[in-house]
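Trainee: Handing you this structure, nothing more for now.
In my numbering, the protein residues as written are 52 to 408.
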């Protein structure tokens, strides 16, 4: 995060938010702090409460209890139009009878800015999102990615204290989604607006956020920097939800799990007991030809080998009937065919152990 972003941003504090719908807790005591200028992504499956949290922050939902503070001011009961927030949703929601420039100017007009100031600000924002040449186009004359850029420019034009992004890229195709997520991050860093980004896409969250919060059934399971979240999950849910994970039976001795003929150190919060299930990432496993070895703790048989562009994936079945997914260089995929005997082993990366029950 740049120093400029930190200086310009506004802190946000959600404290013990609870929201119940028909006896089901959409938010169950959510506490979340956003640093000034920080982009926090809330990640989780449908129904986990991430969008409810954003809507409560926006003032579109009222929490049953808890408080919401923006810049040290309690805004829990403040109407949406008094919260000074910019919002971009999955649906572009552009006014079809207005050009891109007029859409961007709309919020400024509501705030009483004169025409010259509106035009100057709209031009600045359209340039920021790379759409200066499309200022006079209507929504139906622009692609989905361009429309979403206009929606982002419109949200930023009013210089909001907080920017709220609710699944803003999910309606776009894969290539455009990647391009626009990178643009959102670039713009957010340049402008320095404190941002809450809600998504169900793991790669999206890990790519753009300063910190990622993983939610499950209304609770925040873990909030951490992307690399820490991936390499050091604190709960089984986080380990399973973020990235691919092998669940392998293991024995524990002196803080290490014996697995696939080797051992790995255990992360803090791992289950105790002599027998556990250890959660190992595909890149945390090695694979090689079995040679003359016909048995052993790491021996396995290839089930499939897939070329995935930037890397390859080998799935093998062990003698104890466990399926193990291994990430390999894309140039190595052709070395393995279904039925081949291989030897698996742990690279030694720390892993989380959970109860074997």
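A virtual CB, placed ideally from N, CA and C, is assigned to each residue, including glycine.
Please classify residue 226: is it buried, with 16 or more other beta-carbons within 10 angstroms of its beta-carbon, or exposed?
Mentor: exposed
Trainee: Is the CB-CB distance between residue 385 and residue 333 below 7 Å?
Mentor: no
Trainee: Nearest-angstrom Cα distance between residue 270 and residue 294?
Mentor: 20 Å
Trainee: Quick check on the burial criterion: 16 or more other C-beta atoms within 10 angstroms. Buried or exposed for residue 370?
Mentor: exposed
Trainee: Helix, strand or coil, according to DSSP, for residue 383 in the structure here?
Mentor: helix
Trainee: Can you tell me the Cα-Cα spacing of residue 133 and residue 60, whole angstroms?
Mentor: Cα-Cα distance, rounded: 18 Å.
Trainee: How would you call residue 130, buried or exposed, if buried means at least 16 neighbouring beta carbons within 10 angstroms?
Mentor: exposed
Trainee: Can you tell me whether residue 391 is helix, strand or coil according to DSSP?
Mentor: Reduced to three states, the DSSP call for residue 391 is coil.
Trainee: For residue 309 and residue 399, I'd like the C-alpha separation in whole angstroms.
Mentor: 10 Å
Trainee: State buried or exposed for residue 167, treating a residue as buried only when at least 16 other CB atoms are found within 10 Å of its CB.
Mentor: exposed
Trainee: First and last residue of the beta strand (DSSP E) that includes residue 279?
Mentor: Per DSSP, residue 279 lies in no beta strand (DSSP E); the unbroken alpha helix (DSSP H) holding it starts and ends at 277-282.
Trainee: Which residue comes first and which comes last in the alpha helix (DSSP H) that contains residue 167?
Mentor: 166-179
Trainee: Could you tell me the boundaries of the alpha helix (DSSP H) in which residue 11 lies?
Mentor: No answer is possible for residue 11: it lies beyond the span of the chain, which begins at 52 and ends at 408.
Trainee: Would you report the Cα separation of residue 57 and residue 244, rounded to the nearest angstrom?
Mentor: Residue confidence for residue 57 is low, a pLDDT of 40 falling below 50, so the modelled location carries little weight; the figure read from the coordinates is stated next. One alpha carbon belongs to residue 57, the other to residue 244, and they sit about 9 Å apart.
Trainee: Inspect the CB distances between the stretch 92-105 and the stretch 144-162 and report whether three or more fall short of 8 Å.
Mentor: no
Trainee: Ordered along the chain, which non-local residues of its own chain (more than five positions away) have a Cβ less than 6 Å from that of residue 246?
Mentor: 90, 214 and 239, listed in sequence order.
Trainee: In three-state terms, what does DSSP make of residue 148?
Mentor: coil
Trainee: Distance, Cα to Cα, residue 204 vs residue 179?
Mentor: Their backbone Cα atoms lie some 8 Å apart in a straight line.
Trainee: For my contact list, residue 328 and residue 300 are in at a C-beta cut-off of 8 Å; report their separation, rounded to the angstrom.
Mentor: 6 Å
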